[in-house]
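If you want the working numbering, it's the position in the sequence shown, counting the first as 1, plus 17. Taking it in order: structure first as structure tokens, then the write-up.
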Amino acid sequence: MTPADPAPVLDLIEAFRRSKTMFTAVRLGLFDRLEQRPARAAELAAQIGADAGALERLLEGCASLGLLERSAEGVFANTATASEYLVRSSPRTLAGYILYSDDALYPLWGDLEGAVREGRPRWEKIFGARGSIFDHFYRTEEARAAFLSGMHGLGLLSSPAVVRVFNLNRFDTLVDLGGGTGHLAIAACERYGRMQAIVYDLPEVLPSARQHIEASPARERITCQAGDFFRDALPQASLYALGRVLHDWDDARCRELLARVHEALPPGGAVLIAEKILDEDRCGPVSATMQSLNMLVCTEGRERTESEFRALLEGCGFRHVEARRTGAPLDAILARREQ
Ligand code: SAM
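Laid out in structure tokens, this is it:
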């Protein structure tokens, strides 16, 4: 009998090595330096105080991954992908999410076995943190900035598509609940010229949202409001957005939040959800199943199928639930409160 192809297993044995190679090169600031000026390994090693031979191996690894190019003279330079997504000063940088993955997710995933045995997130065990996961991510200004910058970089890849897949023209007011840096509110107000938005989040998050709003041509139409979405009064608006919020919470907490949103909406108002949607058989797409495991190690939440979102939404009084794949990392669901 011909043996089965070992390629998928061999690939998965190596997959974390590829991630860690990129994480380390970003952490060492190699792409930032090479964006200033292409350089040889020995020059970079002297600049950052590293072993020249070991650094050369790391650079060669990055070249094999398509992140760097090496000239015949041994000079390394960023590829276009690295310049756009791995250089910290790039407007579309994903360096924040990479550093957050290296600092927080990598150690949490290191105890995936514990999460599966106990069905519990790992941040308390790995980091000794108490309170909510956000207390941990927001424990210092530096940790908060890293988390929010990570959320922002990934969010920018999805929000324009999320606000485009449905025609949101009829909504004139939006609350971006747990809006983080406000990229979804910004994308919505930039697309719909009459829309006014409020980015609603915990008080410590809003300075970062204000910075991003200030840089948008729609800044006059976007404000911020601090509050706890489980406890404080929610603002009135015809549209609520929940971007990567429901996946942080279990079903009971999601129902609590959706019921509060339903109550804050006028008849005919709607909620727009931006999340990865699991296939109905729950075995794909890979980025959604992996994100669901990610939520297992980080939070009380998980990713959901369209039917699961529908059941949650209809259970809270929403109707006309529509789900759309966007082609971006996050998909979109729109559900209406009855007239
Ligand atoms: N929507 C943003 C995005 O897609 O980039 C942020 C998503 S982040 C996973 C979840 C957000 O919920 C964070 O910005 C966090 O501060 C906010 N959040 C968590 N608990 C909250 C609460 N009790 N009240 C208000 N916001 C909260």
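All C-beta atoms in this analysis are idealised placements derived from N, C-alpha and C, irrespective of residue type, glycine included.
DSSP, reduced to helix, strand and coil, places residue 186 outside both helices and strands of the structure shown, so it counts as coil.
Counting of Cβ neighbours within 10 angstroms places residue 308 among the buried residues, the total reaching 16 or more. When the beta-carbon positions are compared, residue 202 and residue 185 stay at least 8 Å from each other.
The region 236–255 makes contact with the region 181–198; the number of CB pairs closer than 8 Å reaches 3 or more. Closest in C-alpha terms to residue 264, from the list 256, 254, 275, 39, comes 275. Closer than 7 Å to some heavy atom of the ligand SAM: that describes the Cβ of residue 261. Between the region 103–122 and the region 59–70 there are fewer than three C-beta pairs closer than 8 Å, too few to call the two in contact. Relative to the ligand SAM, the nearest heavy atom lies less than 7 Å away from the CB of residue 265. Shown here for residue 43: same chain residues with a beta carbon closer than 6 Å to its own, the five before and five after excluded, namely 103, 112, 115 in chain order. The residues 92, 93, 94, in chain order, have a CB closer than 7 Å to that of residue 55 in the same chain once the five nearest residues on each side in sequence are set aside. Straight-line spacing of the CA atoms in residue 40 and residue 170 works out to 15 Å. Annotated as distal: residue 321 and residue 337, with beta-carbon spacing of 8 Å or more. In the displayed model, residue 194 falls within a strand according to three-state DSSP. Secondary structure at residue 322: strand, using DSSP grouped into helix, strand and coil. Annotated three-state conformation of residue 217 is strand, per DSSP. Residue 344 sits away from residue 132, with the two beta carbons spaced by 8 Å or more.
Distances from the CB of residue 93 to the heavy atoms of the ligand SAM are all 7 Å or more. Exclusion of the five residues before and after residue 57 leaves 91, 92 as the residues of its chain whose Cβ lies within less than 6 Å of its Cβ.
In terms of Cα proximity to residue 255, the closest of 248, 284, 270, 269 is 284. Boundaries of the alpha helix (DSSP H) around residue 164: 158–181. DSSP, reduced to helix, strand and coil, places residue 49 within a helical segment of the structure shown. Rounded to the nearest angstrom, the gap between the Cα atoms of residue 312 and residue 261 is 11 Å.
In the structure shown, residue 300 falls within a coil segment according to DSSP collapsed to helix, strand and coil.
Burial is judged here by how many other beta carbons sit within 10 angstroms of a residue's own beta carbon; residue 65 has fewer than 16 and is exposed. Here residue 287 has 256, 351, 353 as same chain residues with Cβ atoms under 6 Å from its own Cβ, once five neighbours each way along the sequence are excluded.
Contact check for residue 217 against residue 196 passes: the beta carbons are separated by less than 8 Å.
When the Cα atoms are used, residue 221 and residue 200 turn out to be separated by approximately 17 Å.
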